[in-house]
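Visitor:
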Amino acid sequence: MALEKNFAPLYGIPEESATGTSSGALGCYLYHYGKINEEQVSHIIFEQGYSMKRLSEIQVSLAIKKNKIFEVKFGGRAMNLTLTEVEI
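Numbering of the sequence shown is given in this note's numbering, commencing with residue 6 and proceeding in unit increments.
1. I'd like the span of the alpha helix (DSSP H) that includes Ala30, first residue to last.
2. Kindly indicate the opening and closing residues of the beta strand (DSSP E) around Lys70.
3. Take Leu67 as the anchor and find which of Ser27, Val46, Lys73 has the nearest alpha-carbon.
4. Can you tell me which of the three DSSP states Leu8 falls into?
5. Assuming Ser27 and Glu9 make a contact with CB atoms under 8 Å, what is their CB distance in whole Å?
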């Protein structure tokens, strides 16, 4: 398990409470640099959102063939906290 933060102030995002794309990328990074092994890649857990008091748990699974990542899956549960409408 790892704690992570994702933010993009340039785009008006001070911090996100959950982000699968960052979790998937971090899982790939950890495998690529030998921080996790092939036995661990099928169930990686990331937690995010503590500082926002909106805790999330994101599950990541990597599929490996011949020591290379060929598939990344991520998911978790979600809960609506706000509703925003944008008129175009």
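From the three backbone atoms N, C-alpha and C, an ideal C-beta is built for every residue, glycine too.
Guide: For this structure:
1. To locate residue 30, count along the sequence shown from 1; it is residue 25. Looking at the DSSP string, the run of the alpha helix (DSSP H) that includes Ala30 is 25-37.
2. Counting from one through the sequence shown, the residue named residue 70 turns up at place 65. Note, Lys70: beta strand (DSSP E), 61-70.
3. Here residue 67 refers to the residue found at position 62 of the sequence shown. Minimum Cα distance to Leu67 is reached at Val46.
4. Reading the sequence shown from its first residue, position 3 is the one you call residue 8. In the structure shown, Leu8 sits in a strand (DSSP, three-state: E or B).
5. The residue given as residue 27 occupies position 22 in the sequence shown. The residue given as residue 9 occupies position 4 in the sequence shown. Correct: roughly 6 Å between the Cβ atoms.
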